[in-house]
Amino acid sequence: MVTGHIRLLVLDLDYLVFDCAPVKIQALRRSLIAFADNIPQNVRLPGTIDAEDGYREHGFRWTQFLEIGLDEERLSELQRVYHIQEERLLESGVGRVFPGLGPFLEVCRERGAALALGAEASREYLLAVSDRHGLDDLFGLALCTEEFGVGSADEMLGEIMHHHEVNPSETVVLATRPAMFQSAHRLDVVTIGCGWGIHKHDALAEADFRA
Numbered sequence: 043m044v045t046g047h048i049r050l051l052v053l054d055l056d057y058l059v060f061d062c063a064p065v066k067i068q069a070l071r072r073s074l075i076a077f078a079d080n081i082p083q084n085v086r087l088p089g090t091i092d093a094e095d096g097y098r099e100h101g102f103r104w105t106q107f108l109e110i111g112l113d114e115e116r117l118s119e120l121q122r123v124y125h126i127q128e129e130r131l132l133e134s135g136v137g138r139v140f141p142g143l144g145p146f147l148e149v150c151r152e153r154g155a156a157l158a159l160g161a162e163a164s165r166e167y168l169l170a171v172s173d174r175h176g177l178d179d180l181f182g183l184a185l186c187t188e189e190f191g192v193g194s195a196d197e198m199l200g201e202i203m204h205h206h207e208v209n210p211s212e213t214v215v216l217a218t219r220p221a222m223f224q225s226a227h228r229l230d231v232v233t234i235g236c237g238w239g240i241h242k243h244d245a246l247a248e249a250d251f252r253a
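Be aware that the sequence shown starts at 43, since it is given in this note's numbering, and climbs by one per residue.
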């Protein structure tokens, strides 16, 4: 995959580098306990696939878009509680870096490609995962969309390329989310849709290639 003219690989974090599914579903289930009296009994509670779909469609603020019978105020409160539970789970060691990622990145590095994380995540989440799983040893740079406000992924990818002093034609983005593919395409960057942790691969259709 890494050819001579590719100088930079940018990888998203969740479902690609970090196996986040256990964190997301456990954090959500623990968070929903406090809202049990407010959720209609006929509502089906979200599962692992729902969490994956929500994240891929809405990004790290996905809990705000859950359709479980809560009003806007309670959904905002749910998001706050969810982040607390998520932080506790990360601190306790739930989740892992996907097996085989290290050797794959080492091959890329040996072929002359710089490696960066471009995470659809909050800064707090990125740091927690990175500190717990030693991502600083795998990637030379790690940025997240929260740091760039409205510009989000477009500006993040642009900053990563600027930092490494490479052109779009020398960059490849590996991701799972349609929004990330769209941001890369606006910058004329080639994309590869992949994700060891995802169950539904239809959302990879917007990528230039699939792995």
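Note that the Cβ used here is the ideal one computed from N, Cα and C, for glycine as well.
Are the beta-carbon atoms of V139 and V59 separated by less than 8 Å? yes
Near R252, what residues of its chain come up, given a Cβ to Cβ distance below 8 Å and the 5 sequence neighbours on each side ignored? I234, G235, C236, H243 and L246.
Looking at the structure shown, is V231 part of a helix, part of a strand, or coil, going by DSSP? coil
Is any heavy atom in the ligand FMN found nearer than 7 Å to the beta carbon of D244? Of ligands this structure carries none, so the ligand FMN is not represented either.
Can you tell me whether F107 is buried or exposed? The criterion is at least 16 other CB atoms within 10 Å of its CB, across all chains shown. exposed
Could you confirm whether any beta carbon from chain B is found closer than 8 Å to the beta carbon of G101? Protein chain content of the structure displayed is limited to a single chain, and chain B is not contained in it.
Just reading off the alpha helix (DSSP H) that G160 is part of, what are its end residues? Taken as a continuous stretch (DSSP letters only), G160 belongs to no alpha helix (DSSP H), being part of the beta strand (DSSP E) at A156 to A161.
Distance between L55 and G89 (C-alpha atoms, nearest Å): 21 Å
Taking only runs that begin and end inside the stretch 144–223, name each unbroken alpha helix (DSSP H) of 4 or more residues, in chain order. DSSP runs (the alpha helix (DSSP H)) wholly in the stretch 144–223: 165–175 and 194–206.
I'd like to check one pair, Q127 with A69: are the Cβ atoms closer than 8 Å? yes
Rounded to whole angstroms, what is the Cα-Cα separation between T218 and G160? 12 Å
Under DSSP, the alpha helix (DSSP H) around V65 begins and ends at which residues? A63 to L74
Residues that DSSP places opposite L51 in a beta bridge: L157 and V214
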